[in-house]
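S.K.: Handing you this structure, nothing more for now.
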Amino acid sequence: MADIPSTENNLLFAVPKKGRLHDHIVKFLNGAGLDYTRNLGFGKCSLSVQAPVASGITDPSVLAGKRIVTSFPNVAREYFKQFEVPGKPTRTSSIASWSLHIYHARVDIKYVGGSVEAACGLGLADGIVDLVETGTTMKAAGLEIVSNIMKTEAVLISNPNTKHGKLVTKIHQRLLGFLFAQKYRMISYNIARDKLQKAITITPGRKAPTINPLLNEDYCAVSAMVPRHDVADIMDDLHELGATDIFVLDIENCRA
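Mapped onto the UniProt record's numbering, the consecutive letters of the sequence shown carry residue numbers 1 to 256.
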């Protein structure tokens with residue numbers, strides 16, 4: 001996004017991380033009149049202040065006046081403002097006397113576009129501000145979290161002034177369909193008709209299950225969408241009820 005010079009009403013969608021909306025992308029899209037559309041439920045991580053484990057730093061205020069390397073300079077600068085402290089007396093040589101100059105020990109924030117975690121090891125920084133998902137990269141670099149600035153995730157923003165309104169709507173619906181599909185699985189099974197109503201209470205589907213007759217008139221086949229996180233329990237309940245040939249299919253995409 002930072003390499004694109006201007007939108008010129010040609011931007012349809014963007015999928016930045018929520019934390020980054022406070023930094024380069026907001027700066028780039030400033031004045032574009034964009035609409036926040038929705039959280040997308042992936043790319044979740046934390047933007048955090050990190051320092052070398054060996055430094056023993058556990059309080060972010062200790063980094064006031066020190067060197068911070070980050071890909072999010074605006075967010076970092078805003079965060080560290082709360083830790084700025086008055087300076088000490090300095091000598092004014094022109095009048096050969098001591099005078100008190102009150103200043104703020106600002107954090108020295110430097111921007112880098114990648115491999116932020118290497119900055120401390122290279123002696124370029126006393127701490128960093130970077131995204132943490134699993135923490136594996138952070139630990140490998142000998143760093144630890146001093147404080148969390150914000151939680152982030154991918155969000156969808158759109159341009160209401162685009163010339164391609166119908167295309168925007170279509171893409172939006174496709175994205176919603178894909179995201180919705182990730183929440184469900186399709187379960188199918190055979191069940192005796194005298195147990196069908198109990199089975200339906202276990203797998204009611206979103207609106208209703210699909211029920212098909214079998215050659216054996218005493219049985220029927222049932223298919224229903226079920227929440228993906230409940231699949232194992234639902235299969236156990238159906239098996240206990242007497243259902244057979246139970247299987248589950250992934251749903252790649254759908255329209256709700």
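Cβ coordinates follow ideal geometry from the N, Cα and C atoms, glycine included.
So, M150 versus L47, is the Cβ gap smaller than 7 Å?
M.R.: The residue you call residue 150 lines up with position 150 of the sequence shown. The residue you call residue 47 lines up with position 47 of the sequence shown. Yes.
S.K.: Give the straight-line distance between the Cα atoms of V248 and K198, rounded to the nearest whole angstrom.
M.R.: Looking up residue 248 in the sequence shown gives position 248. Looking up residue 198 in the sequence shown gives position 198. Their backbone Cα atoms lie some 19 Å apart in a straight line.
S.K.: Taking all protein chains shown into account, decide if S61 is buried (16 or more other Cβ within 10 angstroms of its Cβ) or exposed.
M.R.: The residue you call residue 61 lines up with position 61 of the sequence shown. So S61 ends up on the exposed side.
S.K.: What would DSSP say about C254, mapped onto helix, strand or coil?
M.R.: Translated into the one-based positions of the sequence shown, residue 254 becomes position 254. If DSSP states are grouped into helix, strand and coil, C254 belongs with coil.
S.K.: Leaving out five residues before and five after R193 in sequence, what residues of the same chain have Cβ atoms less than 7 Å from its Cβ?
M.R.: The residue given as residue 193 occupies position 193 in the sequence shown. Cβ within range, chain order: D218, Y219 and C220.
S.K.: Return the CA-CA distance between I246 and A181, expressed in angstroms with no decimal places.
M.R.: Position 246 of the sequence shown, counting from 1, holds the residue named residue 246. Position 181 of the sequence shown, counting from 1, holds the residue named residue 181. In a straight line, the C-alpha of I246 is about 20 Å away from that of A181.
S.K.: I need the boundaries of the alpha helix (DSSP H) containing K44, first residue and last residue.
M.R.: Here the question's residue 44 lines up with position 44 in the sequence shown. Neither: K44 is in no alpha helix (DSSP H) and is coded neither H nor E.
S.K.: With distances taken between CB atoms, is the gap from Y189 to R228 smaller than 7 Å?
M.R.: Counting from one through the sequence shown, the residue named residue 189 turns up at place 189. Counting from one through the sequence shown, the residue named residue 228 turns up at place 228. No. Outside cutoff.
S.K.: So what does L179 bridge to, in DSSP terms?
M.R.: The count along the sequence shown starts at 1 and reaches residue 179 at position 179. Note: L179 sits in no beta bridge, so no partner.
S.K.: Below 8 Å on the Cβ atoms is my guess for L63 versus D130; work out the distance and round it to an integer in Å.
M.R.: Translated into the one-based positions of the sequence shown, residue 63 becomes position 63. Translated into the one-based positions of the sequence shown, residue 130 becomes position 130. With 8 Å as the limit, L63 and D130 do not qualify as a contact, their Cβ atoms being about 14 Å apart.
S.K.: Within the same chain, show all residues whose beta-carbon is closer than 8 Å to that of A256, passing over the 5 residues directly before and after it, in chain order.
M.R.: What you label residue 256 is simply residue 256 of the sequence shown in a count that begins at 1. Only L176, G177, F180 and R206 meet the Cβ criterion.
S.K.: For a test of the three-state rule: what should DSSP assign to F247, helix, strand or coil?
M.R.: For this step, residue 247 is matched to residue 247 along the sequence shown. Strand, per DSSP.
S.K.: Counting only runs of 3+ residues fully inside the stretch 129-170, write out the beta strand (DSSP E) ranges in chain order.
M.R.: 143-152 and 155-158
S.K.: If I191 and A154 are in contact, beta carbons under 8 Å, what's the gap, nearest whole angstrom?
M.R.: As a first step, residue 191 is located in the sequence shown; it is residue number 191 there, counting from the start. As a first step, residue 154 is located in the sequence shown; it is residue number 154 there, counting from the start. So it is not a contact: roughly 40 Å between Cβ atoms.
S.K.: Is R206 near the ligand GDP, with its Cβ less than 6 Å from a heavy atom?
M.R.: Among the components of this structure there are no ligands whatsoever, and the ligand GDP is therefore not found.
S.K.: I'd like to know whether the C-beta atoms of V146 and A51 end up nearer to each other than 7 Å.
M.R.: The residue you call residue 146 lines up with position 146 of the sequence shown. The residue you call residue 51 lines up with position 51 of the sequence shown. In this structure, A51 lies closer than 7 Å to V146 by Cβ.
S.K.: How long is the line joining the alpha carbons of G121 and P73, rounded to whole angstroms?
M.R.: On the sequence shown, position 121 is the one that residue 121 refers to. On the sequence shown, position 73 is the one that residue 73 refers to. Near 20 Å, if we compare the C-alpha coordinates of P73 and G121.
S.K.: Return the residue from the list N212, T58 and V116 that minimises the CA-CA distance to A140.
M.R.: In the sequence shown, residue 140 corresponds to position 140, counting from 1. Per the Cα distances, V116.
S.K.: Please give me, in chain order, every unbroken run of the beta strand (DSSP E) with length at least 3 that falls completely inside the stretch 197-239.
M.R.: 210-213 and 219-227
S.K.: Have a look at L156, I187 and M186 and flag the residue whose alpha-carbon is nearest the alpha-carbon of Q173.
M.R.: Mapped onto the sequence shown, residue 173 falls at position 173. Of the candidates L156, I187 and M186, the one whose C-alpha sits nearest the C-alpha of Q173 is L156.
S.K.: Please name the residue, chosen from H239, N148, I211 and T134, that lies closest to T58 on a Cα-to-Cα basis.
M.R.: As a position in the sequence shown, residue 58 is number 58, starting the count at 1. When only C-alpha atoms are compared, the closest one is N148.
S.K.: Have a look at the DSSP bridge pairing and note the partners of D108.
M.R.: Taking the first residue of the sequence shown as 1, we reach residue 108 at position 108. BP columns for D108 point to R67.
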